[in-house]
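Shown next, in structure tokens, is the structure this report addresses.
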Amino acid sequence: MTKSVISTNGSIKVKNVNRIYVDANGNLVEALHNINLSIRPGEFISFIGPSGCGKTTLMRLIAGLDKPQSGELFLDNEKIKSTNFERGYVFQQANLFPWETIENNIAAGLKARKIYKEHKADVAEYIKLTGLEGFEKSYPHQISGGMAQRASLARALINNPKVLLLDEPLGALDAFTRMDLQDKLIELWERRGTTMVLVTHDVDEAIYLSDRIVVMTPRPGKIENIVDVKLDRPRNRNSSAFIELRKKILDNLHIATAH
1 MTKSVISTNG SIKVKNVNRI YVDANGNLVE ALHNINLSIR PGEFISFIGP SGCGKTTLMR
61 LIAGLDKPQS GELFLDNEKI KSTNFERGYV FQQANLFPWE TIENNIAAGL KARKIYKEHK
121 ADVAEYIKLT GLEGFEKSYP HQISGGMAQR ASLARALINN PKVLLLDEPL GALDAFTRMD
181 LQDKLIELWE RRGTTMVLVT HDVDEAIYLS DRIVVMTPRP GKIENIVDVK LDRPRNRNSS
241 AFIELRKKIL DNLHIATAH
């Protein structure tokens, strides 16, 4: 399967980024140390590493939700200074507005930007695209966790971001729902050509989805290795090439942890 859209926007550059914060006990904690990374337009890339290695910190910096002590981050050669609709963010929990219908949750960004009237038809399109037809008038408590995450994806994508940041959005789902949403993510990525950046603890998920996998060390977070995933799509989790690559990634993680 090949992508139907080849993107020319959505390149990310991370240059010499360091992030230090003060913990609850008043101690300085180095979360990220001298991170350098280039992400190509339309690429699907995953960050993987042990808990506390700075994966989510790096995502928050790209999103503009946080700032580094030193270094710079760029989207299409423009310095990232704050949040922007060009960088959509999907969290581990769906974070939908409980008092709004699924339809209104998806439209929230359009309404905040005051462009809802011009793009009203897009809401129905994204409901269809994410397989939520028939649930437009439902409220978040009336749908499953998997459906709620589909709504979160639709809410982020309807703003037509250059980059979609996925912070373990499938981590709380059961295995069947998780695999179903992995396929939905790939379908959306191939249709739209959006640059996608994923944080995950799941090696198989990273291999199944990504063009490249960034392996990070325990705190302070550094990039241990970047692994190219040169497997044809759709990918077979039981193929010998997939299993071999899984072993390579696990070996990289063990080396990163040893360091």
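Letter 85 of the sequence shown, counting from 1, is numbered 85 in the UniProt record's numbering, and no numbers are missing.
For every residue, glycine included, the Cβ atom is placed at its ideal position computed from N, Cα and C.
Nearest to residue i by alpha carbon, out of the options?
i, options, result
"Gly221", "Ile249, Ile20, Thr8", "Ile20"
"Val197", "Ile45, Arg40, Arg60, Val14", "Ile45"
"Glu43", "Gly10, Arg235, Lys247, Asp251", "Gly10"
"Ile12", "Lys79, Ser144, Ile48, Pro50", "Lys79"
"Val227", "Glu244, Leu132, Arg113, Arg233", "Glu244"
"Val14", "Ile255, Asn104, Asn77", "Asn77"
"Glu190", "Glu168, Pro234, Ser138", "Pro234"
"Val215", "Leu253, Ser240, Lys230, Val163", "Leu253"
"Asp202", "Thr195, Gly171, Glu103, Leu188", "Gly171"
"Ala156", "Ile48, Val90, Leu61", "Val90"
By how many angstroms is the C-alpha of residue j removed from the C-alpha of residue i?
i, j, result
"Ser210", "Ala108", "29 Å"
"Asn160", "Glu86", "7 Å"
"Gln69", "Asn84", "21 Å"
"Asp180", "Leu129", "14 Å"
"Tyr126", "Arg192", "12 Å"
"Gly64", "Leu250", "31 Å"
"Thr200", "Tyr208", "12 Å"
"Ile213", "Val229", "7 Å"
"Asn238", "Leu28", "44 Å"
"Ser82", "Val163", "14 Å"
"Gly131", "Asn104", "16 Å"
Residue j and residue i - do their beta-carbons sit closer together than 8 Å?
i, j, result
"Leu75", "Val17", "no"
"Arg219", "Gly52", "yes"
"Ile158", "Ile102", "no"
So, does the region 49–67 touch the region 106–120, judging by three or more C-beta pairs under 8 Å? Verdict: no, contact absent.
Which ranges would you report for the alpha helix (DSSP H) in the region 134–214 if only whole runs of at least 4 residues count? As far as the region 134–214 is concerned, its whole alpha helix (DSSP H) runs of at least 4 residues are 145–157, 175–192, 203–209.
Those runs of the alpha helix (DSSP H) which lie wholly inside the region 10–70 and span at least 4 residues: You should have 55–63.
Is the region 148–161 in contact with the region 181–198, if contact means three or more CB pairs nearer than 8 Å? Taking 8 Å as the limit for Cβ pairs, the verdict is that the region 181–198 does touch the region 148–161.
Stretch-stretch touch, CB-based, cutoff 8 Å, three pairs: the region 170–181 with the region 21–29: Touching, no, given that fewer than three Cβ pairs across the two stretches are closer than 8 Å.
Inter-stretch contact at 8 Å, needing at least 3 Cβ pairs: the region 212–226 / the region 34–54: Below 8 Å, enough C-beta pairs join the region 212–226 and the region 34–54 to call them touching: three or more.
Ignoring anything shorter than 4 residues, give me the alpha helix (DSSP H) runs that lie fully in the region 88–143, in order along the chain. Runs found: 102–112, 116–129.
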